[in-house]
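Visitor: One structure is given below, represented as structure tokens, and several questions about it will come after.
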Amino acid sequence: MTRTRSAVVIGGGIGGLTAAAALHRNGLRVTVLERAPSLRPIGAAISLSPNALRALDVIGLGDEVRDLAAWQGDGGLRTPGGRWLSRSSAEAAAARFGGPLVLLHR
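Under full-length UniProt numbering, think of the first position of the sequence shown as 1, with each following residue one higher.
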């Protein structure tokens, strides 16, 4: 009799769901335990770096995430009076880190 390996993942956030997807794609039966009564957007965003997208590519989720994502544009930080403290260029960030930063609803 062959037994199917199984795993329990605690937490339905991005880390838990990514781990669950990777385990499932490797043949394990996965149960995800989450204390929240439902999973829904909470009005905040999460930024994923090119390295995170490459990790998602390994488990076959990178393209799906890219399809859902908004691409990070130029940005920066300002004082309450509007003076720039720092600025960043999306093009420079992509060149430095090997790809764009993307934003998703949490």
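C-beta atoms are modelled at their ideal positions from N, C-alpha and C, and glycine is treated no differently.
Tell me the DSSP bridge mates of Arg78?
Guide: Answer is Trp84.
Visitor: Below 8 Å between beta carbons: does that hold for Ala21 and His105?
Guide: Taking 8 Å as the Cβ cut-off, Ala21 and His105 do not qualify as a contacting pair.
Visitor: Work out the CA separation of Leu77 and Arg25 for me, nearest whole Å.
Guide: Answer to the nearest angstrom: the Cα atoms are 40 Å apart.
Visitor: Starting from the C-beta of Leu48, find all residues in its chain whose C-beta is less than 6 Å away, skip the five residues before and the five after it, and write them out in chain order.
Guide: Closer than 6 Å at the Cβ level, and outside the excluded window around Leu48, lie Val102.
Visitor: So, under 8 Å CB-CB, Val30 and Val58 are touching, yes? Tell me the CB distance rounded to an integer number of Å.
Guide: Their Cβ separation, rounded to whole angstroms, is 17 Å, which puts Val30 and Val58 out of contact at 8 Å.
Visitor: Nearest chain B C-beta to Glu91 closer than 8 Å, yes or no?
Guide: Looking at the structure shown, chain B is missing, and only one protein chain is on hand.
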